[in-house]
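Each residue of the sequence shown is one higher than the one before, starting from 0 at the first, in numbering that gives the first Met the number 0.
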Amino acid sequence: MGPRDGPLAVLLHGFPDCWISWRKQLPALAAAGFRAVAPDLRGYGGSDKPRGVKAYRMEKLCADIALLIEALGHDRADVVGHDWGGYVAWYLAMWRPGRVRRIAALNIPHPQRMVRGLWTPRQLHKSWYVFFFQLPLLPERFMTDERLQRLFHRIYQAEEISIVLQAVRDRSPPIHYYRAALRHPSLRWKRIDAPALVIWGERDRWLGAELAQPDPRWVPDVRVERIAEAGHWVQAEAAERVNELLLAFLR
């Protein structure tokens, strides 16, 4: 969406979601002159769904986005990510710095902060599902359409929920993100020199607000904006404020 010759903004969705996550940001970015692109990540929707956990290692996920930027005719992009999409954005900025002009992460900590924070009693309680997802088969059966509808009923309209349900029809690939994260952890952290913006909905049920601030040794040029009235899907729950923050940062 937006002018083909505009600066490229790539928006990466989280779990269990799809491109529709950015339905309120794409028009705003396009109107501001950006070429705004929101792909389905590997394993979701219309994108490839390779079999096996190893296919969802972070190296593979980052390579997908780097190749997408190149395929769209750009050397670099502003990369915006929510949840797992934000995790991919952080690593892309670390491992492929030449591809990332600026990074915005929505309700996802920097990986170093996540690893340190995960093992606290409070965050372990919130992140129980990370460990549940390591089990074979049971998580796929647990993640029913009814549960997803309850998860999204305050976030999306009925027709949008239908799009998400279709995008995650094959449950295994999205869950493999979590399996790969623990079985093949990516701990090769590098300093991110690109300007970074963290937007955090403080009513997040799954990630504590104390995780929002990255360590300045890893991300020296970062600003954190907290939105008290929003939860984990901050881009949907506080769309106007998120759009204001993104446009001010990316322009």
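We put the beta carbon where it would ideally sit given N, CA and C, even for glycine.
Note that this is a predicted model, so its numbers are computed, not measured.
Residue pairing for Glu224: DSSP places it in a beta bridge opposite Ile198. Between Gly116 and Gly207, the beta carbon gap of about 7 angstroms places them in contact (Cβ cut-off 8 angstroms).
For Arg115, no beta strand (DSSP E) run applies; the uninterrupted alpha helix (DSSP H) run containing it begins and ends at 110-117, by DSSP. Taking a C-beta distance under 8 angstroms as the contact criterion, Ala65 and Leu7 do not qualify as a contact pair. Look at Ala8 here: in three-state DSSP terms it is strand.
If you ignore the 5 residues before and after Leu246, its C-beta comes within less than 8 angstroms of the C-beta of Ala27, Leu28, Ala31, all in its own chain and listed in chain order. Counting along the chain, Gly84 sits inside the alpha helix (DSSP H) bounded by residues 83-94. Inter-residue distance for Trp89 and Val167 is about 23 angstroms (C-alpha atoms, whole angstroms). Ala27 sits in a helix when the DSSP states are folded into three classes. Between the region 48-65 and the region 118-133 there are fewer than three inter-stretch CB-CB distances shorter than 8 angstroms, so the stretches are not counted as touching.
Within the model, the alpha-carbon separation for Leu181 versus Asn242 is close to 33 angstroms.
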